[in-house]
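Notes follow once the structure below has been shown.
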DNA sequence: TCGCTCGAATGAAACGTTTCACCGCTGTCG
DNA sequence: CGACAGCGGTGAAACGTTTCATTCGAGCGA
């Protein structure tokens, strides 16, 4: 009715409408928004008023197209059903938001196809950077990003340092910590319930477990490995059932993951096997629910939230100028939290 | 070195480079990508080859700017630390991806400021639609979306149907279910541990609880309400400590949330109070960890994943044409899952 | 052979910003 | 009094797509 709405159909109001209505040029509106100091306080407030009146919202795609930089960071985790990754995300999100950027969180469900789908979506969006917990041979997918100069940081995965930054925890040390503890509490037949063997986390923890066995003067036959398809509670239950069929039955179990351990615990309950009296149990990640479990879980703690924030900060540092950027790898140390599930055996 | 890279600095290769290199016009490349049938199979394959060779990735911002439609749906949940919302997200994500769209997941951490920040980010992105678990008086924030014609669907919250679609569970019925069960197992002094009172979920469940008390022929003094600041494990522990000071002490507790219940359970353990012998306990949501808890939790189950997928489908239906769209509200029924935490008292 | 249709490809306009070179005005300094 | 700096503002180009009207041939029926 009044003056200058350009696009009556969609109801979209553009910077042009604001300019017209405020009686200034387009450039001035843009300046009022992005460099308020370049504009007299008089027009500035007039522009702001018109913006409110018209309900103008700047179009991010136009902004990004022209200015070339994105305000969005992508975060791709293996499994959002795992509280460990959730904690990590929280850290990453906090750090990112402190820099005024948004986070786009996705999870690959440990599925390599979904992963590559998301990664190409990120590439099309020209995100500012990517935090990624690699599922598979993510390398091929990430090539696109290198090509576009989009930086990425690996989380929960060590990586050759000339490729990208990474934040991780020493998984070998973690595995060793767990199994050494089991040996020290008097066990000699240990099972390792691993996730899928294409995950570096799982295999590294196995290496550590083997190292502890060896250091304890035991033979490799003292360690049985059960592989599972996923790192979740259901897989833990399955593995529990399988383990009960083993002869001789291990007296201690180390799970690659707290979710597996919780599932395993349920299977033991259902079968009437007591933890820790009949079987001792160690998990990994020390998620919040480990302490609240039927039998509170001994677990290897990782500084999840810190990992996320550190990774985000590394990414942003790489992003913000810093021409002579050197990729670096931060490696945290795991910590063993002892609870009831590994109470020492009565001799 | 060879022919036509336009932008040597950034390494960005645009549709123009592809066109030049393939010896066709820009429009043809675009058609090869978006309407392959409009282009001869000969040129189509040539274009595809060049795209691979050059590593071209289409710019989503340019696409969106010109064509006006976004390929992204936003999902804003209250608390991603709550497995209930994670399950919901998973359902929403699956349904959305089946329609070829991406999901941008964020969580407001029950913080109204963060919520409005994210919502305005979504608006600037001109997302295709928004799935939102409203924290506060989200209404004001959502006004922007209405103005821009961006549809939104409420999840886990009923709402006046002429405003938007919604998917929820009957929280009053859930609260009633829980408390009725407690009364039926012989309790007469019940406590309700509520989350923040600005969450409709919490207050609705309270209404249900009161209704059950009344239906059981008890007076309102039989129900004590303890409010907590958040819906998480730590708040549950706090509430547990507070509850132990109450005289007379309730013999049964209904928590607005499984996280609260798990925290509460820990507090009871620490204090040497037995569940269910001394205090019976009911949670809400039936998250995966409820069954694995120290004492397996009786809980009110909600179809989380289904809620997410339904909400996404409603949103997409509203999005995809469908001119005479009528907002609708789907309300699911909760279900009581009885476990050990409410084993009947020995008379 | 002429007119027509149809398929394939082209060229340019448009989307909503940011950015940059430029302009006019007002003081101020020499 | 003239040059000049600086402020506040303008106008237009450019970003990388999609889309649409148009063109160009080739095939074909009359």
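Residue numbers (the UniProt record's numbering), protein chains in the order written: chain A, 1 to 347; chain B, 1 to 347. Quick reminder that beta carbons are idealized off the backbone N, C-alpha and C, glycines included.
Residue 189/A in three-state terms, based on DSSP: For this step, residue 189/A is matched to residue 189 along the first chain. The answer is coil: DSSP assigns residue 189/A none of H, G, I, E or B.
Positions along the segment 303-315 of chain A whose CB lies within less than 9 Å of some CB in chain B: none
Under the three-state DSSP convention, the category residue 80/A falls into: As a working mapping, residue 80/A is identified with position 80 in the first chain. Of the three classes helix, strand and coil, the one that applies to residue 80/A here is coil, per DSSP.
Cutoff 7 Å; reference residue 275/B; Cβ partners in own chain excluding five residues on either side: Start at 1 with the first residue of the second chain, and residue 275/B comes out as number 275. The residues are 265, 268, 281, 295 and 341.
Endpoints, the alpha helix (DSSP H) within which residue 181/B is located: Residue mapping note: residue 181/B aligns to position 181 of the second chain, counting from 1. It spans 171-184 - the alpha helix (DSSP H) in which residue 181/B sits, taken as one unbroken run.
Separation of residue 38/B from residue 113/B, as counted between CA atoms: As a first step, residue 113/B is located in the second chain; it is residue number 113 there, counting from the start. As a first step, residue 38/B is located in the second chain; it is residue number 38 there, counting from the start. Computed Cα separation, rounded: 48 Å.
Residues in the segment 260-274 of chain B having any Cβ partner in chain A nearer than 7 Å: 262, 265 and 266
Cross-strand partners of residue 293/A (DSSP beta bridge): Reading the first chain from its first residue, position 293 is the one you call residue 293/A. In the DSSP output, where bridge partners are listed per residue, residue 293/A has 293/B.
Span of the beta strand (DSSP E) around residue 335/A: Taking the first chain and counting its residues from 1, one reaches residue 335/A at position 335. Residues 335-337.
Member of 159/A, 134/A, 45/A and 121/A whose CA lies at the smallest distance from the CA of residue 77/A: As a working note, residue 77/A is residue 77 in the first chain. The shortest C-alpha separation from residue 77/A is found at 134/A.
Pair within 9 Å by beta-carbon distance, residue 335/B and residue 125/A: Sequence index remark: in the second chain, residue 335/B carries index 335 (1-based). Sequence index remark: in the first chain, residue 125/A carries index 125 (1-based). No.
CB contact check: residue 60/A to chain B, cutoff 9 Å: Here residue 60/A is taken as the residue at index 60 of the first chain, counted from 1. Closer than 9 Å: yes.
Own chain, CB closer than 7 Å to residue 2/A, minus 5 neighbours either side, in chain order: Against the first chain, residue 2/A aligns to sequence position 2. In this prediction, residue 2/A has a pLDDT of 36, which is less than 50 and means its spatial position is unreliable; what the coordinates show is noted afterwards. None.
Beta-carbon proximity list for residue 127/A, same chain, < 8 Å, skipping 5 on both sides: Mapped onto the first chain, residue 127/A falls at position 127. Once the five neighbours on either side are set aside, the close Cβ partners of residue 127/A are 70, 72, 73, 74, 104 and 150.
Touching by the beta-carbon criterion (3+ pairs, under 8 Å), the segment 312-331 of chain A and the segment 164-176 of chain A: yes
Cutoff 7 Å; reference residue 79/A; Cβ partners in own chain excluding five residues on either side: Within the first chain, the letter at position 79 stands for residue 79/A. Hits under 7 Å: 85, 107, 109, 110 and 231.
Backbone secondary structure at residue 107/A - three-state DSSP: As a first step, residue 107/A must be located in the first chain, where it is residue number 107. Residue state, collapsed to three classes: strand.
Sequence ranges, beta strand (DSSP E) only - wholly within the segment 219-256 of chain B, length at least 3: 223-227 and 252-255
Reduced DSSP secondary structure (H/G/I, E/B, other) of residue 40/B: Counting from one through the second chain, the residue named residue 40/B turns up at place 40. Residue state, collapsed to three classes: coil.
Assigned exposure category for residue 36/A - 16 Cβ within 10 Å defines buried: As a first step, residue 36/A is located in the first chain; it is residue number 36 there, counting from the start. The residue in question, residue 36/A, is exposed, as its Cβ has fewer than 16 Cβ neighbours within 10 Å.
Alpha carbon of residue 223/B to alpha carbon of residue 263/B, nearest angstrom: In the second chain, counting from the first residue as 1, residue 223/B sits at position 223. In the second chain, counting from the first residue as 1, residue 263/B sits at position 263. Each residue's alpha carbon lies about 20 Å from the other.
At least three beta-carbon pairs within less than 8 Å, the segment 185-203 of chain A to the segment 235-250 of chain A: yes
Secondary structure of residue 316/B, DSSP reduced to three states: The residue labelled residue 316/B in the question sits at position 316 within the second chain. Note: residue 316/B maps to helix in three-state DSSP.
Residues that DSSP places opposite residue 30/B in a beta bridge: In the second chain, residue 30/B corresponds to position 30, counting from 1. Its beta-bridge partners do not exist; DSSP assigns none.
Any chain A beta carbon closer than 9 Å to residue 115/B: Within the second chain, the letter at position 115 stands for residue 115/B. By this cut-off, residue 115/B is not an interface position.
Proximal chain A residues relative to residue 65/B, where beta-carbon distance stays under 8 Å: Mapped onto the second chain, residue 65/B falls at position 65. Those within 8 Å of residue 65/B in chain A are 59, 61, 62 and 65.
Cβ neighbour criterion (16 or more within 10 Å) applied to residue 163/A: Here residue 163/A is taken as the residue at index 163 of the first chain, counted from 1. Exposed.
Positions along the segment 117-131 of chain A whose CB lies within less than 7 Å of some CB in chain B: 121, 123, 124, 125 and 126
First through last residue of the alpha helix (DSSP H) which encompasses residue 133/B: Against the second chain, residue 133/B aligns to sequence position 133. Here residue 133/B belongs to no alpha helix (DSSP H), and DSSP marks it neither H nor E.
Length of the line joining the Cα atoms of residue 49/B and residue 32/B: By 1-based counting over the second chain, the position of residue 49/B is 49. By 1-based counting over the second chain, the position of residue 32/B is 32. Answer to the nearest angstrom: the Cα atoms are 12 Å apart.
Selected residue, minimal CA-CA separation from residue 119/B, among 320/B, 143/B, 100/B and 97/B: Working through the second chain from its first residue, we reach residue 119/B at position 119. Comparing Cα positions, the closest option is 143/B.
Exposure of residue 239/B, with buried meaning 16 or more beta-carbon neighbours within 10 Å: Numbered from its first residue, the second chain carries residue 239/B at position 239. Classification of residue 239/B: buried, given that the 10 Å Cβ count is 16 or more.
is_contact[residue 89/A, chain B] using C-beta, thresh 9 Å: On the first chain, residue 89/A is found 89 positions in, with the first residue counted as 1. Output row for residue 89/A: interface = yes.
Residues that residue 106/A contacts on chain B, provided the C-beta gap is smaller than 9 Å: Position 106 of the first chain, counting from 1, holds the residue named residue 106/A. Correct list: 93, 102, 103, 104 and 105.
Which residues DSSP lists as bridging residue 331/A, in chain order: Residue numbering aside, residue 331/A sits at position 331 when the first chain is read from its first letter. Its beta-bridge partners are 168/A.
Cβ pair residue 206/B, residue 183/B closer than 9 Å: Taking the second chain and counting its residues from 1, the one referred to as residue 206/B is at position 206. Taking the second chain and counting its residues from 1, the one referred to as residue 183/B is at position 183. It is not a contact, given that the beta carbons lie outside the stated cut-off.
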